[in-house]
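Okay, structure first, notes after.
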Amino acid sequence: MIRRLMCLATFLLCASTTWAQRPLKVYISADMEGITGVASADQLSPAGFEYSKAREWMTAEVLAAIQGAREAGATEFVISDSHGNGQSLLIEKFPTDVPVTVVRSFPRPLGMMEGIDSSFAAVIFIGYHAATTSTTGVRAHTMSSALLTRIALNGSAQSEAGINAAIAAHFGVPVVMITGDDAIVSETKQRLGNIEGVAVKHAIGFHSVATMLPEVAQGNIRARAKIAVNRRAEMKPYTMTKPVTVDVSFKNYRPVEILGYLNSIQRVDAHTARLVAKDMIEASKFLEFVTSYDPAITP
Numbered sequence: 623m624i625r626r627l628m629c630l631a632t633f634l635l636c637a638s639t640t641w642a643q644r645p646l647k648v649y650i651s652a653d654m655e656g657i658t659g660v661a662s663a664d665q666l667s668p669a670g671f672e673y674s675k676a677r678e679w680m681t682a683e684v685l686a687a688i689q690g691a692r693e694a695g696a697t698e699f700v701i702s703d704s705h706g707n708g709q710s711l712l713i714e715k716f717p718t719d720v721p722v723t724v725v726r727s728f729p730r731p732l733g734m735m736e737g738i739d740s741s742f743a744a745v746i747f748i749g750y751h752a753a754t755t756s757t758t759g760v761r762a763h764t765m766s767s768a769l770l771t772r773i774a775l776n777g778s779a780q781s782e783a784g785i786n787a788a789i790a791a792h793f794g795v796p797v798v799m800i801t802g803d804d805a806i807v808s809e810t811k812q813r814l815g816n817i818e819g820v821a822v823k824h825a826i827g828f829h830s831v832a833t834m835l836p837e838v839a840q841g842n843i844r845a846r847a848k849i850a851v852n853r854r855a856e857m858k859p860y861t862m863t864k865p866v867t868v869d870v871s872f873k874n875y876r877p878v879e880i881l882g883y884l885n886s887i888q889r890v891d892a893h894t895a896r897l898v899a900k901d902m903i904e905a906s907k908f909l910e911f912v913t914s915y916d917p918a919i920t921p
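Numbering (my numbering), first residue to last: 623 to 921.
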């Protein structure tokens, strides 16, 4: 009997030690339109006079989320650099005393969620913006402001946050927090449930905001990230019923006409192409294709 008890005690000790040593992985997808202080092309592209400053603000907000998540026990991070050319974050600023991987540049099969898998405990969105269908969000668009007017999954118009939450849900991972303007925070909470949110600015118009100061926003993000990761068990993945119907509406006619040549694509109307995807992985690859392909691409 004593031997059995000793064996049981050893097993429980080993199990608890193994559990304590399991990494708590957090995935952070970062865009720039929803970063504190950002309102126009002056911050969003390399030609803008405040782009270098916006890169600093963006990096600092991701670092604040990392710090807050670490305070909640997170031990490993994958960061998706997801604005523009996917090379906006100042990667030399990231901590080296914890495993951090940064996903950079495009195209990627999973877009803004490249690198996500079922080993992650939580997803955080930093610097996100409202959907192209929004009438209130600053810099509102979905994947391409130049090309698209709407993306829908299973009949529901989506923001990038909705699409990316559905990709995370394919792997069973919930989104626990979002930051951006008031429009995207409100929209995403309505869609995903009572996740944590930090509205770092109020959208006045498409090109204008009333913004927090960067240092204040970073403090709020750090505090909320800690709460969000601690609350991760309460959050539910934003799961899409399969197969997933993906509708992409273009501003112009010809892309839809040409996509309709493919047997797998249905031309729903003059501006909308539809793919019935087996899952969100196939849906994501389709979206990356329609927003990235150009026969003149080199090399």
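Beta carbons: idealized from backbone N, C-alpha and C, even for Gly.
Considering only the alpha carbon of each residue, which of A892, V866 and F911 lies closest to A788? Shortest Cα-Cα distance from A788 to any of A892, V866 and F911 involves V866.
Cβ of V868 within 8 Å of any chain B Cβ: This model lacks chain B altogether; it includes just one protein chain.
From the DSSP output, in three-state form, read off E818 for me. For E818, the secondary structure class from DSSP, reduced to helix, strand or coil, is strand.
Answer yes if the region 698-708 comes into contact with the region 853-869, meaning at least three C-beta pairs across the two stretches below 8 Å, and no otherwise. No contact exists between the region 853-869 and the region 698-708.
In three-state terms, what does DSSP make of S766? Coil at S766, not helix or strand.
Every unbroken alpha helix (DSSP H) within the region 773-810, with a cutoff of 4 residues, ordered by chain: Within the region 773-810, the complete alpha helix (DSSP H) runs of at least 4 residues are 782-792.
When you compare each of G737, G777, D739 and F728 to M765 by their alpha carbons, which one comes out closest? Selected option, being the one with the closest Cα: F728.
Hey, V722 and F699: beta-carbon distance below 8 Å or not? Yes, Cβ-Cβ distance for V722 and F699 is below 8 Å.
List the whole-angstrom C-beta distance separating H751 from G802, where the pair is believed to meet the contact cut-off of C-beta under 8 Å. With 8 Å as the limit, H751 and G802 qualify as a contact, their Cβ atoms being about 6 Å apart.
Just how far apart, CA to CA, sit P717 and Q689? Distance between the alpha carbons of P717 and Q689 is about 9 Å.
With DSSP run on the structure shown, which of helix, strand or coil describes T681? T681 falls in the helix class under three-state DSSP.
Using 8 Å for Cβ pairs, my map puts I806 next to G759. What's the rounded Cβ distance? By a beta-carbon distance limit of 8 Å, I806 contacts G759. Their separation comes to about 6 Å.
Helix, strand or coil at Q709 [DSSP, three-state]: Note: Q709 maps to coil in three-state DSSP.
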